[in-house]
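Trainee: According to the numbering used here, the sequence shown is numbered sequentially starting from 1150.
All residues carry an ideal CB built from backbone N, CA and C; glycine is no exception.
What you are looking at is a predicted structure, and each value in this text was computed from that prediction instead of being measured.
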Amino acid sequence: MEKPLAHEGGPGRPDLLIVAPSDPSRSRKLAARMVDLGVFFPFELPYRLPERLPADLSGFRFIVIPADKAAADRARLEAFARQGGGVLRMEDADWESESLIERIPTQGGLRLGSAAMAARMEAAPDQRVLDATLRWSMAYERPEWHDVLRYNIECLAEAFELTGDRAILDQAGRLAHKALATGAPPPASCDHVACTYAMLHYMALAQEPTLLGVCRSVVDDYLRLAPRYRGVLSNFLRRDSNGIARAEIAFQACPALARLARHTKEQRYADTAVEQILLLDGELSDAATGLWFLGRGAGGRTPLLWGRGCAFSLRGVVDTLAELDAARADRAGLLAILKRMADALRKLQGPDGDWRQIMNEPQSRPESSATAWTVAALAKASRLGWLGPEFRPCIEQGWRAVKRRVWDGLATRICGGVTASMDPEYYRSRPFLAPSYGHFALLAAIEVARLSQRPAAPSAP
1150 MEKPLAHEGG PGRPDLLIVA PSDPSRSRKL AARMVDLGVF FPFELPYRLP ERLPADLSGF
1210 RFIVIPADKA AADRARLEAF ARQGGGVLRM EDADWESESL IERIPTQGGL RLGSAAMAAR
1270 MEAAPDQRVL DATLRWSMAY ERPEWHDVLR YNIECLAEAF ELTGDRAILD QAGRLAHKAL
1330 ATGAPPPASC DHVACTYAML HYMALAQEPT LLGVCRSVVD DYLRLAPRYR GVLSNFLRRD
1390 SNGIARAEIA FQACPALARL ARHTKEQRYA DTAVEQILLL DGELSDAATG LWFLGRGAGG
1450 RTPLLWGRGC AFSLRGVVDT LAELDAARAD RAGLLAILKR MADALRKLQG PDGDWRQIMN
1510 EPQSRPESSA TAWTVAALAK ASRLGWLGPE FRPCIEQGWR AVKRRVWDGL ATRICGGVTA
1570 SMDPEYYRSR PFLAPSYGHF ALLAAIEVAR LSQRPAAPSA P
């Protein structure tokens, strides 16, 4: 049994104490939301809020506590308040609405942040983070064909390969067949194609060749229906009737095309995957950094290097390369793009290990999906021998930053989805989501674990 974390004294300890509500799910989501805002606080076991008031309240200035638990400790709380402490008694509805965030006073010197607590989260064993994030993917049940379905099936398939646990693969199968039972929808976006990338992986692991026909049909329909912008496949069929080049194609469509080519032995799919990445590189590449902007259309190119867009562009190139026949001569062009992007991202990593909402603006907010996917892509490329050992410190520092943003498997500090806007402030001010499934962090955990199982490669050519 793990020992409770010691209650810290001195300046490293925050002034805020939060006592957990009775509902474990609500407690976890609330705690993750607090971490999302940079609030750290004492907790008993890893990722657990204290169940009751500790014996010693000295040093605390503010206590948040469920109303029923406050009633049971009324005398101590009244004494705490008489000594100048603040007490916020929370009803169930308050926890549910997360109104706690707005009701905690942050003025007047109340110290919420704690570097020591953040360091403890960074130091969490890798296996604990992997297990916690995997638990949420194992619980995912929604059958809609969209990117989150792809992420969860993909993570489950990758986790099975790492662990050999058949229950994980069985859950991937249940999720895939639940989606298939709804009927493969006519492709409305490259998100549908992305689902085939994960389903083909499950198909190979579970030896279910009947899935190949469905996946091929989805891809063929998309290639037939999608408008193009100067040769680049469009992302959303309904919205982009005149075509727009968007970086998502490299991440959502190209790996699926390359994987389908491998399973069908029809190289036309791989040819399209390579063609699309090279076209996107010509349309979206930033001359200063070598990274990709998010999109380009009739109105011009998007103005900023959005963090997650840069991360999934690299990941798309890495995943596509991993599926291509090793004998293809055109792999060299993709490998050059990969190395250029990887070098740029290594230089743009923040001193805290995070990458930013706007990649080349150091003052921009840290964004955890950009960090997690960059770590996953760099770790996979390093494992496959495409990057040298000079990337190991970057990956390790980024992985510590990922762990700092995960609470009991829930991912925090994730930017909501974006459109190809021409307004720079749209990207800078885009709101972050409430904590949710940690598939971003799970994929990073899997790739870091795989990388740790092999020695550092010699410097890549």
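Out of 1450, 1335, 1431 and 1326, which has the shortest C-alpha to C-alpha gap to residue 1347?
Mentor: Out of 1450, 1335, 1431 and 1326, 1326 has the C-alpha closest to the C-alpha of residue 1347.
Trainee: When the Cα of residue 1484 is compared with those of 1450, 1501, 1423 and 1521, which residue comes out closest?
Mentor: The shortest Cα separation from residue 1484 among 1450, 1501, 1423 and 1521 belongs to 1423.
Trainee: Any contact between the stretch 1444-1458 and the stretch 1548-1561? By contact I mean 3 or more CB pairs, one from each, below 8 Å.
Mentor: The answer is no - the stretch 1548-1561 does not touch the stretch 1444-1458, with fewer than three Cβ pairs under 8 Å.
Trainee: Given residue 1181, which residues of its chain have a CB within under 6 Å of its CB, disregarding the five upstream and five downstream residues?
Mentor: Same-chain partners within the cutoff: 1556, 1559, 1561 and 1584.
Trainee: Thinking C-beta only, is residue 1355 closer than 9 Å to residue 1318?
Mentor: Cβ distance < 9 Å, so residue 1318 and residue 1355 count as in contact.
Trainee: One question on the structure: do residue 1298 and residue 1344 come within less than 9 Å of each other, judged by their Cβ atoms?
Mentor: It is a contact, given that the beta carbons lie within the stated cut-off.
Trainee: Does any residue of chain D have a CB that is nearer than 9 Å to the CB of residue 1209?
Mentor: Here there is only one protein chain, and chain D is not present.
Trainee: Kindly indicate which three-state DSSP category residue 1239 falls into: helix, strand or coil?
Mentor: DSSP places residue 1239 in strand when its eight states are reduced to three.
Trainee: Where are the alpha helix (DSSP H) runs, 4 residues long or more, that stay fully inside the stretch 1381-1436, in chain order?
Mentor: List check, alpha helix (DSSP H) in window: 1403-1413 and 1416-1433.
Trainee: Using the rule of at least 16 other Cβ atoms within 10 Å of the residue's Cβ for burial, across every protein chain shown, is residue 1369 buried or exposed?
Mentor: Classification of residue 1369: exposed, given that the 10 Å Cβ count is below 16.
Trainee: Pick helix, strand or coil for residue 1291, following the three-state DSSP scheme.
Mentor: Correct three-state label for residue 1291: coil.
Trainee: Among residues of its own chain, excluding the 5 on either side of residue 1218, which ones have a beta-carbon nearer than 8 Å to its beta-carbon?
Mentor: Within the same chain, residue 1218 has close Cβ partners 1168, 1201 and 1202.
Trainee: What span of residues does the beta strand (DSSP E) with residue 1168 cover, start to end?
Mentor: First-last for residue 1168: undefined, no H or E at that position.
Trainee: Between which two residues does the beta strand (DSSP E) harbouring residue 1214 extend?
Mentor: Residues 1211-1215.
Trainee: Decide if residue 1314 is buried, meaning its Cβ has at least 16 other Cβ atoms within 10 Å, or exposed.
Mentor: Residue 1314 comes out exposed.
Trainee: Flag this pair as yes or no: are the beta carbons of residue 1357 and residue 1411 separated by less than 9 Å?
Mentor: No, these two residues do not count as a Cβ contact at 9 Å.
Trainee: Taking DSSP as the reference, what is the three-state secondary structure of residue 1482?
Mentor: Here residue 1482 sits in helix by DSSP.
Trainee: One question on the structure: do residue 1415 and residue 1595 come within less than 9 Å of each other, judged by their Cβ atoms?
Mentor: No, the pair does not count as a contact, with Cβ atoms beyond the cut-off.
Trainee: Where do the ends of the beta strand (DSSP E) carrying residue 1444 lie?
Mentor: Residues 1444-1446.
Trainee: Just list the residues that DSSP pairs residue 1505 with in beta bridges.
Mentor: DSSP output for residue 1505 lists 1515 as bridge partner(s).
Trainee: Just mark residue 1257 as buried or exposed, buried being the case when its beta carbon has 16 or more other beta carbons within 10 Å.
Mentor: Here residue 1257 scores only 49 on pLDDT, less than 50, and its place in the model should not be relied on; the value that follows carries that caveat. By the neighbour-count rule (16 or more Cβ atoms within 10 Å), residue 1257 is not buried but exposed.
Trainee: Buried or exposed for residue 1496, please, with buried defined as at least 16 other CB atoms from any protein chain shown within 10 angstroms of its CB.
Mentor: Classification of residue 1496: exposed, given that the 10 Å Cβ count is below 16.
Trainee: Which term fits residue 1207, buried or exposed, when burial requires 16 or more other beta carbons within 10 angstroms of its beta carbon?
Mentor: Exposed: under 16 other Cβ atoms inside 10 Å.
Trainee: I'd like the list of long-range same chain contacts for residue 1341, defined as Cβ closer than 6 Å, with 5 residues on each side in sequence excluded.
Mentor: Contacts found: 1294 and 1367.
Trainee: Can you tell me the Cβ-Cβ gap for residue 1405 and residue 1432, rounded? I've got them flagged as a contact below 8 Å.
Mentor: Wrong, their Cβ atoms sit about 20 Å apart, outside the cutoff.
Trainee: If you run the structure through DSSP and keep just helix, strand and coil, what is residue 1257?
Mentor: Residue confidence is low: residue 1257 scores 49 on pLDDT, short of 50, so the model does not pin down where it sits. No coordinate-derived value is stated.
Trainee: Look at the Cβ atom of residue 1498, then the Cβ atom of residue 1577, and state whether they are nearer than 9 Å.
Mentor: No, Cβ-Cβ distance for residue 1498 and residue 1577 is not below 9 Å.
Trainee: Exposed or buried, which one is residue 1173 when buried takes at least 16 other CB atoms within 10 Å?
Mentor: Exposed, because fewer than 16 other Cβ atoms sit within 10 Å of the Cβ of residue 1173.
Trainee: Drop a sphere of 10 angstroms on the beta-carbon of residue 1571, count the other beta-carbons inside from all chains shown, and report buried for 16 or more, exposed for fewer.
Mentor: Looking at its Cβ environment, which holds fewer than 16 other Cβ atoms inside 10 Å, residue 1571 is exposed.
Trainee: I want to check one thing, is the minimum distance from the CB of residue 1278 to the heavy atoms of the ligand SAM below 8 Å?
Mentor: Ligands are entirely absent from the displayed structure, and the ligand SAM is therefore not among its contents.
Trainee: May I have the straight-line CA-CA distance separating residue 1177 from residue 1214, to the nearest angstrom?
Mentor: Rounded to whole angstroms, residue 1177 to residue 1214 spans 15 Å at the Cα level.
Trainee: Could you have a look at residue 1337 and say whether DSSP puts it in helix, strand or coil?
Mentor: Three-state DSSP puts residue 1337 in coil, outside helix and strand.
Trainee: Pull the bridge partners of residue 1285 from the DSSP assignment, please.
Mentor: BP columns for residue 1285 are empty, so no partner.
Trainee: Which of helix, strand or coil does DSSP assign to residue 1570?
Mentor: Residue 1570 falls in the coil class under three-state DSSP.
Trainee: Could you pull the start and end residues of the alpha helix (DSSP H) that residue 1142 belongs to?
Mentor: No statement about residue 1142 is possible, as the shown extent of the chain runs from 1150 to 1610 and does not include it.
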